[in-house]
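If you use our numbering, the sequence shown corresponds to residues 990 to 1547, in order. Inspection log for the structure reproduced underneath, given as structure tokens.
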Amino acid sequence: MKKSKKLQTIFFILITVTIIVSLTLKYIHSKDTETIVSTKSFIPKLQKIKQTNHKSTLNLKSNQLYLLAIPSTSYLTSSSSESVDDSKDKNALSNDNLSSNSASTDDTASNDQDDISKYSYDYIALLDKNMNIVLEASDTYIENSELGVIDSNVPLILGQHAKNSKEKNKTYTYGVYDLTHNDWIIKRIYSYISELGDDYYIAYDNEGVPLLLHKDGSKVIKKDFDSNTNFKLLGNHIVALNDITSSASIYSSSGELIKTLNAKYITLYKNCIITSDTNKDGIVYDENGNSIFSKDSLFKKNTNLGISTNETMTIYQYNEESSLVEVQISHFYIICKLDGTIIKLLNQNEEPNSNLGLVSNGYFTYSSDLTQLSFYNQNGTKYVSSDNNDFTDFIYPNYYYSKENTIELYNYTTNTTYTLDVSKLSSPYLSGIHNNFFFILSHDDPNSVLIYYKDKLVYQGSQSYIELINDNIVVTNVTKDSSKKIIKDKDSTFTPYSALMNSKHIIYDKNGAKIYSSKKSEKILSINESYLQIMRDNAIGICDYDGNFLCKINLSSK
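Here you go:
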């Protein structure tokens, strides 16, 4: 009897140990491959591809992971932004119309989910250098990261499909996830979260009311805002803008109110605020809400202007690079510095057809019919082309001048001049600039395009669509069958991503080198130094620059 009880005790201990070991192994595995949440039954299988000509690991640093994703169906079937098939006239201060698929993060935060389908994914997986999945999730929106190689020390703002929301009216709840500790820094309870600079999050509750949170998730800095508030950093301070109350409230980093400015029109820059109102003088304030430019300071600096001090001063423009201000007092238009030093004064009673404007490092004058246009730096020195003609237009940071068969560009930041041969196009014009890439289109043949890197022609083609991905230029040669899917109206041209997926692509890096050329139809989703994320042959995966899949997810099972 004693022996039987002893055997029962030993058996019980063995069973207990087995259960503990089993649970421990299960826990270790769950920490190895973390599933944040799965709101769909579809969890795809990642297939590693054995290759003889490259390593079976990713070249990742210790703080890096690879973000692989299946974009949402709505993203893949939606219309893209405007292609380079662009027949609209360009005005004197035009900018490029290139599409960018990189999520932007600047010093502004608002409750505006710009094109939610663009950054929502049916499935995401984070891979280590051995291409093992360390974290996965479905029905996920990523606010602050691009696909491809990411820094694991930077937490992700993740929105996920709320369990009670219907597919046709999908809603997300948002939180901030720490990749190094596999835990939520900020719980997934908010209707939206956006970044504000390097130190803050703005989180919105279900009523759209914002809270100001510190990025470590440790505390709510301030929460008594209303739903009409947008936020921007101003120096070291936070500004809460409210369009309903026409106010700008300046707060310290700890949430203490410094000053509130009230005006009908309020414009924020990186280090100053400009207020203006009907029949009231415009004023420029610093980050503490102190006036640094006003009508009084202008007249104090210039005692003999010959302008009545009773006239209202309107501030039209301010440029942060040059610190120049454009103002109007009565029939006088003035370009001046913040200390009141006048750079240019225009009396429209004497010159009724002349006008002034600001550009990045100076100002320009132009006639009302736009037949005369001249650019000047902030000291009043005129910019001219190599043959002493006025430049005819400006796209930051280049002034340019068009003449027969050539376009001359002058980059004032590098003091460099480029001369581009555009004789291959009829009625050519400069459509856009990105770093040292110049995009030339034709008014007569909107399907034709020339791409220069500095003064070297790197691409000439037609029916081309251009994207910017991580500072790389992706040129898509839309095939005849795909081009039928391009939608045109009198104002714009749209290219569905289904058309772009049936096309081949060429990629140029930021130094103008061709780094990739498609061998077959596919869609480029992300570009990193060594890898591409590509959708091809009903699969999504990581490729090398030769187009070989290193790993992929087969979409046929989806």
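Just so it is clear, CB atoms sit at the ideal spot from N, CA and C, and this is done for glycine as well.
message: Can you give me the C-alpha to C-alpha distance between L1439 and Y1448, rounded to a whole angstrom?
response: In the sequence shown, the residue the question calls residue 1439 occupies position 450. In the sequence shown, the residue the question calls residue 1448 occupies position 459. Distance between the alpha carbons of L1439 and Y1448: 6 Å.
- prompt: Buried or exposed: where does K1361 fall if 16 or more other Cβ atoms within 10 Å of its Cβ makes it buried?
  reply: As a position in the sequence shown, residue 1361 is number 372, starting the count at 1. In the sequence on display, residue 1361 carries Gln and not Lys. Q1361 comes out exposed.
Exposure of Q1452, with buried meaning 16 or more beta-carbon neighbours within 10 Å: The residue given as residue 1452 occupies position 463 in the sequence shown. So Q1452 ends up on the buried side.
- request: Select from S1415, G1369, T1381 the residue whose C-alpha is nearest the C-alpha of Y1399.
  value: Sequence index remark: in the sequence shown, residue 1399 carries index 410 (1-based). The shortest C-alpha separation from Y1399 is found at T1381.
query: Does the Cβ of L1398 lie closer than 7 Å to at least one heavy atom of the ligand NAP?
result: This structure does not include the ligand NAP; it has no bound ligands of any sort.
query: What is the rounded straight-line gap between the Cα of L1014 and the Cα of N1225?
result: As a first step, residue 1014 is located in the sequence shown; it is residue number 25 there, counting from the start. As a first step, residue 1225 is located in the sequence shown; it is residue number 236 there, counting from the start. Note that L1014 scores a pLDDT of 34, beneath 50, so its modelled location is shaky and nothing firm can be said.
- request: Could you pull out every unbroken beta strand (DSSP E) segment of at least 3 residues lying fully inside the stretch 1221–1252, listed in chain order?
  value: 1226–1231, 1236–1240, 1246–1251
message: Considering just the uninterrupted stretch of the beta strand (DSSP E) at D1111, what are its terminal residues?
response: Against the sequence shown, residue 1111 aligns to sequence position 122. Element bounds for D1111: 1109–1116.
- request: Write down the C-beta distance between Q1149 and A1114 rounded to the nearest angstrom, noting that I regard them as a contact closer than 8 Å.
  value: The count along the sequence shown starts at 1 and reaches residue 1149 at position 160. The count along the sequence shown starts at 1 and reaches residue 1114 at position 125. With a Cβ gap of about 15 Å, Q1149 and A1114 do not count as contacting.
Among V1198, I1178, T1264, P1144, nearest to D1205 - alpha-carbon criterion: For the purposes of this step, residue 1205 is taken as the residue at position 216 of the sequence shown. The shortest C-alpha separation from D1205 is found at P1144.
- prompt: Do H1494 and V1464 have their C-beta atoms within less than 8 Å of each other?
  reply: By 1-based counting over the sequence shown, the position of residue 1494 is 505. By 1-based counting over the sequence shown, the position of residue 1464 is 475. The answer is yes: Cβ separation under 8 Å.
query: If we ignore side chains and look at the alpha-carbon of each, how far apart do T1370 and N1424 end up?
result: In the sequence shown, residue 1370 corresponds to position 381, counting from 1. In the sequence shown, residue 1424 corresponds to position 435, counting from 1. So the two alpha carbons sit approximately 25 Å from each other.
message: Would I1529 and L1539 qualify as a contact pair, given that the criterion is a beta-carbon distance under 8 Å?
response: In the sequence shown, residue 1529 corresponds to position 540, counting from 1. In the sequence shown, residue 1539 corresponds to position 550, counting from 1. Not a contact, by the Cβ cut-off of 8 Å.
- request: Could you round the C-beta distance between S1363 and D1379 to whole angstroms and report it? I think they count as a contact, below 8 Å.
  value: In the sequence shown, the residue the question calls residue 1363 occupies position 374. In the sequence shown, the residue the question calls residue 1379 occupies position 390. About 5 Å; that satisfies the 8 Å criterion.
- request: Let me know if S1471 comes out buried or exposed under the rule of 16 or more other beta-carbons within 10 Å of its beta-carbon.
  value: On the sequence shown, residue 1471 is found 482 positions in, with the first residue counted as 1. Caution is warranted here: a pLDDT of 48 is assigned to S1471, below 50, making its placement in the model unreliable, and no coordinate value can be reported.
CA-to-CA distance, N1171 to L1246, given in whole angstroms: In the sequence shown, the residue the question calls residue 1246 occupies position 257. In the sequence shown, the residue the question calls residue 1171 occupies position 182. Rounded to the nearest angstrom, the two C-alpha atoms are 36 Å apart.
Other residues of its chain near Y1258: CB distance less than 7 Å, five sequence neighbours each side excluded: The sequence position of residue 1258 within the sequence shown is 269, counting from 1. Excluding residues within five positions, the ones whose Cβ falls inside 7 Å are Y1307, E1309.
- request: Would you identify the three-state DSSP class for T936, choosing helix, strand or coil?
  value: This structure does not reach residue 936, given that the chain is present from 990 up to 1547, and the question cannot be answered.
task: Report the rounded CA-to-CA distance for L1544 versus A1252, giving the unit in angstroms.
output: As a position in the sequence shown, residue 1544 is number 555, starting the count at 1. As a position in the sequence shown, residue 1252 is number 263, starting the count at 1. Spanning the two alpha carbons is a distance of roughly 55 Å.
field: Cβ neighbours of G1346 in the same chain (closer than 6 Å, five flanking residues each side left out)
entry: Taking the first residue of the sequence shown as position 1, residue 1346 is located at position 357. Excluding residues within five positions, the ones whose Cβ falls inside 6 Å are F1353.
- prompt: Going straight from the alpha carbon of G1164 to that of V1198, what length do you get?
  reply: As a working note, residue 1164 is residue 175 in the sequence shown. As a working note, residue 1198 is residue 209 in the sequence shown. Distance between the alpha carbons of G1164 and V1198: 16 Å.
- request: Using the Cα positions of S1236 and D1188, report the straight-line distance between them to the nearest angstrom.
  value: Translated into the one-based positions of the sequence shown, residue 1236 becomes position 247. Translated into the one-based positions of the sequence shown, residue 1188 becomes position 199. If you take the alpha carbons of S1236 and D1188, they lie about 24 Å apart.
- request: Can you give me the Cβ contacts of Y1388 inside the same chain, cut-off strictly under 6 Å, excluding the 5 residues immediately before and after it?
  value: One-based indexing of the sequence shown puts residue 1388 at position 399. Here the set comprises F1364, Y1372, F1380, Y1399.
message: Output needed for S1241: all residues of its chain with C-beta closer than 7 Å, excluding positions within five of it in sequence on either side, in chain order.
response: Counted from its first residue, the sequence shown places residue 1241 at position 252. Closer than 7 Å at the Cβ level, and outside the excluded window around S1241, lie H1226, I1247.
message: Within 10 Å of its beta-carbon, does D1535 have 16 or more other beta-carbons around it, so buried, or fewer, so exposed?
response: Reading the sequence shown from its first residue, position 546 is the one you call residue 1535. Result: exposed.
- request: Express the C-alpha separation of F1428 and G1421 in angstroms, rounding to a whole number.
  value: Here residue 1421 refers to the residue found at position 432 when the sequence shown is read from its first residue. Here residue 1428 refers to the residue found at position 439 when the sequence shown is read from its first residue. Using only the alpha carbons, I get a separation of about 5 Å.
query: Do you know offhand how far T1403's Cα is from P1386's?
result: The sequence position of residue 1403 within the sequence shown is 414, counting from 1. The sequence position of residue 1386 within the sequence shown is 397, counting from 1. Using only the alpha carbons, I get a separation of about 9 Å.
message: In the DSSP assignment, the alpha helix (DSSP H) including F1288 goes from what residue to what residue?
response: Taking the first residue of the sequence shown as 1, we reach residue 1288 at position 299. 1284–1290 is the extent of the alpha helix (DSSP H) around F1288.
- prompt: Do I1296 and L1313 have their C-beta atoms closer together than 8 Å?
  reply: What you label residue 1296 is simply residue 307 of the sequence shown in a count that begins at 1. What you label residue 1313 is simply residue 324 of the sequence shown in a count that begins at 1. In this structure, L1313 does not lie closer than 8 Å to I1296 by Cβ.
query: Is it the case that the Cβ atoms of V1316 and G1278 are separated by a distance below 8 Å?
result: To locate residue 1316, count along the sequence shown from 1; it is residue 327. To locate residue 1278, count along the sequence shown from 1; it is residue 289. Not closer than 8 Å, so no.
query: Of all the options K1499, E1339, D1533, which has the alpha carbon lying nearest to the alpha carbon of S1507?
result: For the purposes of this step, residue 1507 is identified with residue 518 of the sequence shown, where counting begins at 1. Among K1499, E1339, D1533, the Cα nearest to that of S1507 belongs to D1533.
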